[in-house]
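Residue numbers (this note's numbering): 721 to 957. Where is the CB? At the ideal position from N, CA and C, for every residue including glycine. Step one of this worksheet: look at the structure below.
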């Protein structure tokens, strides 16, 4: 257990998820009504510093996002051996994937432009900083929305593929495919849940979701999404 925890926290994604979990607990702690003013101040500072530390860890994430998008643009399209509908389905998936990574890339890049302001090294005019953060959160919102659409389309494709390719044979072949289908459906559901929980953060920041910014709902969403996505990283290390 301890060695696994060491491997988890030594990876950048694992460390980032650990800090995010602590930050989300700070968000929830600030909602305790009987918390005294000193505790509120300290927890608030901890939340801000954890958020700032996480921004340093993901500073170069925009490079990976744009790389993923451009890699998909360069992927040669192969004609489907089954039907034209499969070709159009694959094309839609690629378009959604490119859009998702492009929006994520712009989110990280625009957020990075405000880092010197956040660290008070080179403050920007407040209007510039607010505009950059607003546009960054818009791209984050769009990226998560497209990611949910992509997962929905993948689930639909999975259902139709299972119906079309359902074997008439008996025994293990059918059971194996059904098991794989359940696993894929489960992973897609978890991905949608993580994206939906994360969507609360930019949504409340922009005022597009009727919920208190930094409130209980956002804090619970952060905890849920962090635990689910962190568990996948935990299993991989």
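> Counting Cβ pairs closer than 8 Å, one from the region 862-878 and one from the region 908-921, do we hit at least three?
Replying inline: yes
> Is residue 824 near residue 856, with beta carbons less than 8 Å apart?
Replying inline: Here residue 824 refers to the residue found at position 104 of the chain shown. Here residue 856 refers to the residue found at position 136 of the chain shown. The answer is no: Cβ separation not under 8 Å.
>> For residue 737, count the other beta carbons within 10 Å of its own beta carbon; 16 or more makes it buried, fewer makes it exposed. Which is it?
In response: Start at 1 with the first residue of the chain shown, and residue 737 comes out as number 17. Residue 737 is buried by the Cβ-count criterion.
> In three-state terms, what does DSSP make of residue 780?
Replying inline: Reading the chain shown from its first residue, position 60 is the one you call residue 780. In the structure shown, residue 780 sits in coil (DSSP, three-state: anything other than H, G, I, E or B).
> Considering only residues of the same chain and omitting the five flanking positions on each side of residue 890, which have a CB-CB separation below 7 Å?
Replying inline: Start at 1 with the first residue of the chain shown, and residue 890 comes out as number 170. The predicted model places residue 890 with a pLDDT of 46, which falls under 50 and marks its position as unreliable, so this point remains unresolved.
> Do the region 831-845 and the region 772-783 meet, that is, are 3 or more Cβ pairs less than 8 Å apart?
Replying inline: yes
> Could you give the C-beta distance for residue 926 and residue 938, rounded to a whole number, given that I count them as a contact under 8 Å?
Replying inline: Within the chain shown, numbered from 1, the residue matching residue 926 stands at position 206. Within the chain shown, numbered from 1, the residue matching residue 938 stands at position 218. Their Cβ separation, rounded to whole angstroms, is 13 Å, which puts residue 926 and residue 938 out of contact at 8 Å.
>> I'd like the list of long-range same chain contacts for residue 867, defined as Cβ closer than 6 Å, with 5 residues on each side in sequence excluded.
In response: Within the chain shown, the letter at position 147 stands for residue 867. Excluding positions up to five away in sequence, the list reads 820, 915.
>> Restricting to Cα atoms, I'd like to know which of 809, 807, 816 is closest to residue 789.
In response: Within the chain shown, residue 789 is the residue found at index 69, counting from 1. Nearest of 809, 807, 816 to residue 789, Cα basis: 816.
> At which residues does the alpha helix (DSSP H) containing residue 721 begin and terminate?
Replying inline: Here residue 721 is taken as the residue at index 1 of the chain shown, counted from 1. Per DSSP, residue 721 belongs to no alpha helix (DSSP H) and is neither H nor E.
>> Considering only the alpha carbon of each residue, which of 854, 818, 882 lies closest to residue 831?
In response: Along the chain shown, one-based indexing puts residue 831 at 111. The shortest C-alpha separation from residue 831 is found at 854.
>> Closest to residue 784 by C-alpha separation, out of 845, 943, 826, would be which residue?
In response: Against the chain shown, residue 784 aligns to sequence position 64. The shortest C-alpha separation from residue 784 is found at 826.
> When you compare each of 755, 750, 780 to residue 768 by their alpha carbons, which one comes out closest?
Replying inline: Reading the chain shown from its first residue, position 48 is the one you call residue 768. Among 755, 750, 780, the Cα nearest to that of residue 768 belongs to 750.
> For residue 793, which residues of its own chain have a beta-carbon under 8 Å away from its beta-carbon, when the five flanking residues on both sides are left out?
Replying inline: In the chain shown, the residue the question calls residue 793 occupies position 73. Excluding sequence neighbours, residue 793 sits near 818.
> Within 10 angstroms of its Cβ, does residue 936 collect 16 or more other Cβ (buried), or is it exposed?
Replying inline: Taking the chain shown and counting its residues from 1, one reaches residue 936 at position 216. It is exposed - the Cβ of residue 936 has fewer than 16 other Cβ atoms within 10 Å.
>> Relative to the C-alpha of residue 918, which candidate in 721, 734, 725, 744 has its C-alpha closest?
In response: Looking up residue 918 in the chain shown gives position 198. Of the listed residues, the one whose Cα sits closest to residue 918 is 744.
>> Please report the distance separating the alpha-carbon of residue 898 from that of residue 762.
In response: Here residue 898 refers to the residue found at position 178 of the chain shown. Here residue 762 refers to the residue found at position 42 of the chain shown. Note that residue 898 scores a pLDDT of 49, beneath 50, so its modelled location is shaky; the value from the coordinates is reported in the next line. About 51 Å.
>> Let me confirm a value: residue 730 is counted as buried when at least 16 other C-beta atoms fall within 10 Å, else exposed. Which label applies?
In response: One-based indexing of the chain shown puts residue 730 at position 10. Residue 730 should be labelled exposed.
> Is residue 946 closer than 8 Å to residue 741 when the C-beta atoms are compared?
Replying inline: Stepping through the chain shown from its first residue, residue 741 is reached at position 21. Stepping through the chain shown from its first residue, residue 946 is reached at position 226. Yes, these two residues count as a Cβ contact at 8 Å.
> So residue 728 packs on residue 944, CB below 8 Å; how close in whole Å?
Replying inline: Reading the chain shown from its first residue, position 8 is the one you call residue 728. Reading the chain shown from its first residue, position 224 is the one you call residue 944. Not really, about 19 Å apart at Cβ, beyond 8 Å.
>> residue 942 and residue 747 - do their beta-carbons sit closer together than 8 Å?
In response: Taking the first residue of the chain shown as 1, we reach residue 747 at position 27. Taking the first residue of the chain shown as 1, we reach residue 942 at position 222. Yes; because the gap between Cβ atoms is below 8 Å, this pair is in contact.
>> Beta-carbon within less than 6 Å of residue 905's beta-carbon, same chain only, minus the 5 sequence neighbours each way: which residues are those?
In response: Stepping through the chain shown from its first residue, residue 905 is reached at position 185. Correct list: empty, nothing qualifies.
>> Rounded to whole angstroms, what is the Cα-Cα separation between residue 844 and residue 851?
In response: Along the chain shown, read from residue 1 onward, the residue named residue 844 stands at position 124. Along the chain shown, read from residue 1 onward, the residue named residue 851 stands at position 131. Rounded to whole angstroms, residue 844 to residue 851 spans 11 Å at the Cα level.
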